[in-house]
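In our numbering, the protein residues as written are 3 to 644. Glycine residues also receive a C-beta, built at the ideal position from the N, C-alpha and C atoms. Small disclaimer: the values here were computed from a predicted structure and weren't measured.
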């Protein structure tokens, strides 16, 4: 049976199989060969017709407990997957410290634990709820020991010493029995998504999103801690978020991975852990993992692919799922109503048309590249260029025929074309790589001060701009490595995308969208109010700045005042691509696309009193067929060089 919605969490339950949650709030049971055995219904409430992603998942005794991103908590029967209880977020809270009529806040946190017959989890107001597992009655709601920062993980695997982490990189060590956590450590400048107890060596392992100190935004990995919080070992291996961590049944191995799309296999037989293999070749970034009783490792990637590998990382099986995503949307240079759409399998061409007031989006071509997902696309005269997950950059004609393809020495994150259409610039893990557009020859490599290039653009002068993972921006001369000017925004302002006008530079990412005027060369404006996660993309339309974020939100702000004038919080999945359109009489439209392959078309001329956005229609691109997962194992030295 085929999976119909993207999977978001996976847990192995001995003697039962794999318990997996999905994007719309269901739980599924898979056997150990990744066949679906049973699925639950969607859990909804009176305010919605479908569920929300179950990012928080736990199994205890005969129950499955899950929480969606708004704080609604549900319980299922493990044997039947029948829904038994639903606790609406607004119903279980301590009202005293809250504002009048305060509503639950969206939070993509994972923190949940079951200890001594009770469930410990943040509610929708970032308070700590304590729920009786057997009756599912809320015993009490108290202030969280993490304050206003939501808990991202709770580890209750040690019988008496417990650990938790929040979304600001702090780790707490103490006891759930007393709710006293006297030890607080700053292990990361961002999230600590997992903490696990190592039974073999009586210690904790914690993973990092960005690193700390001199390594912040440059290298991160895992931290090994004593039960008292003392640092025992720091192993850096990642250039991006580390999302998952698990152990083999006898704890002789540990497995970690994340947004680099690589699985690190650790030898944990000795007190000093070490990486013994790195496995790559996954279809996307890794977000979750669990280990079966026989030592098989089940890995879930952000595109919804669930695969099974053996203890050494060799591929064994995959779940039946067809995926799609809209990564980027760019206008054709010849026809502004024609859009090049970067997808999970190539580039799709979509035409916007208006007939007698009816607005439509029509798929007119679908060009499969064969290089993994297409991360970014840029329009060229009579064609396009793209950078892909499989470390390729290529140029194609308008009909999709590839003129040239080049291998990249490291992951490419962003792509830009020079104003004269003679050069392409790729921001990569090895800095900025520039290619001659006609021949495909690499003509330059620009180092980014020892760190990673995550975003890039050209100025109208031909100057090349690179932004690094740790928030540094450098403007290089068009024909040399001379740095004309730069700005250090800080690692909290890590970039996702960057674009330029004649007067300013715009950067999306941490802390919203930033405007950097060329005259001031500093952040002059920011737009991020009410967005609960990293801003992926932005667009300035007339006097509105439109932003989309990982919280599945889209917002519109008054450009001058920064006031939020429109908010959409029910996007189908993670938004990525964003572009502007206009009707025949000049009215503004915005098209947003993302994970799941959706293209949402909205009017922007409704005004703040009506919410600014007005949905016109949704179009879904065809989902990719069964993909080939080609895993490859690298030795530790080779992996470190990449």
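Less than 9 angstroms separating the beta-carbons of residue 557 and residue 543? no
From the DSSP output, in three-state form, read off residue 493 for me. helix
Express the C-alpha separation of residue 271 and residue 203 in angstroms, rounding to a whole number. 9 angstroms
Does DSSP classify residue 511 as helix, strand or coil? strand
Check whether residue 266 and residue 277 have beta carbons under 9 angstroms apart: yes
Per-residue burial, residue 86 [other beta carbons within 10 Å of its own, 16 or more giving buried]: exposed
Hey, residue 127 and residue 182: beta-carbon distance below 9 angstroms or not? no
What residue does the beta strand (DSSP E) around residue 257 start on, and which one ends it? 255 to 260
Quick check on DSSP: helix, strand or coil for residue 480? coil
Simplified DSSP state of residue 93, which is helix, strand or coil: helix
According to the Cβ coordinates, are residue 441 and residue 472 closer than 9 angstroms? no
Quick one: is residue 645 buried, meaning 16 or more other Cβ sit within 10 Å of its Cβ, or exposed? There is no way to answer for residue 645, as the model of the chain reaches only from 3 to 644.
Cut-off 6 angstroms between Cβ atoms - residues of its own chain near residue 369, not counting five sequence neighbours on either side: 348, 349, 402
Measure the CB-CB distance between residue 200 and residue 165 and report whether it falls below 9 angstroms. no
Distance, residue 364 Cα to residue 222 Cα: 43 angstroms
Inter-residue Cα distance where the pair is residue 89 and residue 247: 29 angstroms
One question on the structure: do residue 328 and residue 599 come within less than 9 angstroms of each other, judged by their Cβ atoms? yes
Enumerate in chain order the residues of its own chain whose CB-to-CB distance from residue 75 is below 6 angstroms, with the five nearest sequence positions on each side excluded. 69, 89
Return the residue from the list 136, 142, 137, 105 that minimises the CA-CA distance to residue 123. 142
Would you tell me roughly how many angstroms separate the C-alpha atoms of residue 569 and residue 614, rounded to the nearest one? 8 angstroms
Just mark residue 539 as buried or exposed, buried being the case when its beta carbon has 16 or more other beta carbons within 10 Å. buried
Any beta strand (DSSP E) of 3 or more consecutive residues that is wholly inside the segment 509 to 591: 514 to 519, 527 to 529, 537 to 543, 546 to 551, 555 to 560, 566 to 570, 577 to 584
Check for me: the beta strand (DSSP E) holding residue 268 runs from which residue to which? 265 to 269
So, helix, strand or coil for residue 610, using DSSP? helix
What's the gap between the Cα of residue 14 and the Cα of residue 513? 36 angstroms
DSSP-derived helix/strand/coil call for residue 216: helix
For residue 225, report the span of its beta strand (DSSP E) as first-last. 222 to 227
Rounded to whole angstroms, how far is the Cβ of residue 18 from the Cβ of residue 80, which I believe are closer than 8 angstroms? 7 angstroms
Quick check on residue 186: does DSSP put it in helix, strand or coil? strand
Which term fits residue 415, buried or exposed, when burial requires 16 or more other beta carbons within 10 angstroms of its beta carbon? buried
Can you confirm whether the segment 588 to 607 touches the segment 308 to 323 when touching is taken to mean that 3 or more C-beta pairs between the two stretches lie within less than 8 angstroms? no
Which residues in the same chain as residue 435 place their Cβ atom closer than 7 angstroms to its Cβ, once the five residues preceding and following it in sequence are excluded? 410, 428, 444, 447
Run the CB neighbour count on residue 212, radius 10 Å, all protein chains shown included, and call it buried at 16 or more, exposed below. buried
Run the CB neighbour count on residue 503, radius 10 Å, all protein chains shown included, and call it buried at 16 or more, exposed below. exposed
Skipping 5 residues on each side, what residues in its chain have a beta carbon closer than 7 angstroms to that of residue 45? 27, 53, 76, 85, 88
Measuring alpha carbon to alpha carbon, tell me which of 103, 109, 134, 37 ends up nearest residue 65. 134
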